[in-house]
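Note sheet for the following structure.
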Amino acid sequence: MTENHTQNTGIPKMRARNVDVYYGTKQAIDDVSIDVHEEHVTAFIGPSGCGKSTFLRALNRMNDTIPSAKVSGTIELEGEDIYASGMDVVQLRARVGMVFQKPNPFPKSIYENIAYGPKIHGLAEGKGALDEVVERSLRRAGLWEEVKDRLEDSGTALSGGQQQRLCIARAIAVDPEVILMDEPCSALDPIATAKIEELIAELRGRYAIVIVTHSMQQAARVSQRTAFFHLGKMVEYGKTSDIFTNPRETRTKDYITGRYG
Ligand SMILES: Nc1ncnc2c1ncn2[C@@H]1O[C@H](COP(=O)(O)OP(=O)(O)OP(=O)(O)O)[C@@H](O)[C@H]1O
Ligand SMILES: [Mg+2]
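When you line the sequence shown up against numbering that gives the first Met the number 0, it's residues 0 to 260, in that order.
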């Protein structure tokens with residue numbers, strides 16, 4: 000079982016083993032083991048309520064912010080246990096960045112949205128170094144040309160798609176290793192969605208990316224690995240092309256052919 004849930008394509012960037020997540024007495028994730036690889040996009044798919052967001056949040060300890068949530072099992076980043084008591088959670092969330100469904104720029108300038116993280120993490124000191132990080136991050140997020148003349152405008156004044164790219168730039172600015180995205184396009188129109196998908200394809204060369212999506216087409220377009228979740232379990236994990244053309248499990252097949260969910 001474990002073998003088919005983990006892929007042998009080099010040392011994984013993140014390694015989760017036997018992860019359970021409870022909210023109070025309700026179990027939301029049941030014994031999930033998965034490897035996430037560098038330079039890969041991994042898609043999490045499955046019907047609403049199956050635990051995709053819960054598991055995604057376990058990967059950078061965002062569940063810590065939910066008082067009833069309890070995570071057990073092991074999750075490692077480069078071999079380091081992220082739930083170990085000595086782990087600096089602020090640092091962890093910089094290494095494993097997150098982009099949410101609803102773009103959530105700070106109510107500050109475009110410049111400050113990007114510069115804030117590098118400043119508090121001590122990654123850039125002085126105006127020159129900060130300017131450089133801001134420009135580089137916005138360029139990588141494909142937003143620089145659109146905003147370079149209005150860096151002092153509020154981040155919240157951008158369009159939804161631009162705000163989402165701003166949030167991606169903000170995640171990139173602190174030099175992450177992994178970027179988690181929870182339905183990053185669900186609030187966007189098809190053109191803004193296409194831009195984010197192109198961006199994901201470019202960013203893949205540099206980071207391990209995990210994306211939750213309800214769109215099979217999106218999973219098929221952007222990911223190399225797909226994990227199918229159902230009722231808190233990870234039912235099947237493999238190459239995206241295999242999952243979509245030749246799933247092993249009936250439940251996966253039923254889901255991708257639209258029988259439920
Ligand atoms: N903060 C919370 N407190 C209590 N229960 C929660 C909380 N967040 C999620 N749950 C429960 O955990 C289960 C998994 O939810 P989760 O949000 O992870 O699913 P999902 O697969 O992301 O769904 P969707 O596709 O609708 O976003 C659900 O039964 C949900 O009701
Ligand atoms: Mg969700």
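Don't be surprised by glycine CBs; every beta carbon is placed ideally from N, CA and C. Nothing here was measured: the structure is a model prediction, and the numbers come from that model.
- Collapsing the DSSP output to three states places T73 in a strand.
- Assigned with DSSP and collapsed to three states, T155 falls in helix.
- By the C-beta criterion, the stretch 179-189 is judged not to be in contact with the stretch 134-147, since fewer than 3 inter-stretch pairs fall below 8 Å.
- With a minimum length of 3 residues, the unbroken runs of beta strand (DSSP E) contained wholly in the stretch 126-192 fall at 177-181.
- Beta bridge pairing from DSSP links D30 with no other residue.
- Rounded to the nearest angstrom, the Cβ distance from S108 to E79 is 35 Å, too far for a contact under 8 Å.
- When only Cα atoms are considered, T225 and K25 end up about 26 Å apart.
- Nearest to H213 by alpha-carbon distance, out of F43, Y82, R56, is F43.
- A57 is positioned such that its CB atom lies no closer than 7 Å to that of S32.
- Relative to ligand 1, the beta carbon of S52 is positioned inside 6 Å of a heavy atom.
- Judged by DSSP secondary structure, D19 falls within the beta strand (DSSP E) whose first and last residues are 13-22.
- Around the Cβ of K51, a 10 Å sphere holds 16 or more other Cβ atoms; the residue is buried.
- One Cα belongs to V234, the other to F54, and the distance between them is close to 14 Å.
- Ranked by Cα distance from V209, the options S222, M215, Q216 are led by S222.
- In this structure, the C-beta of A15 stays at least 6 Å away from each heavy atom of ligand 1.
- With the rule of 3 Cβ pairs closer than 8 Å, the stretch 242-254 does not count as touching the stretch 78-95.
- Secondary-structure assignment with DSSP links K238 through a beta bridge to R224.
- DSSP places G231 in no alpha helix (DSSP H); its state is neither H nor E.
- Residue range 88-94 is occupied by the alpha helix (DSSP H) that includes A93, with no beta strand (DSSP E) assigned at that position.
- Contact between the stretch 62-74 and the stretch 231-247 is not established, with fewer than three Cβ pairs separated by less than 8 Å.
- Per DSSP, E201 has no beta-bridge partner at all.
- In this structure, C184 has its CB at a distance of at least 6 Å from all heavy atoms of ligand 1.
- Taking 6 Å as the cut-off, the C-beta of G154 does not count as close to any heavy atom of ligand 1.
- By the Cβ criterion, the stretch 67-74 is not in contact with the stretch 87-105, since fewer than three pairs of Cβ atoms, one from each stretch, lie closer than 8 Å.
- One alpha carbon belongs to G257, the other to G45, and they sit about 11 Å apart.
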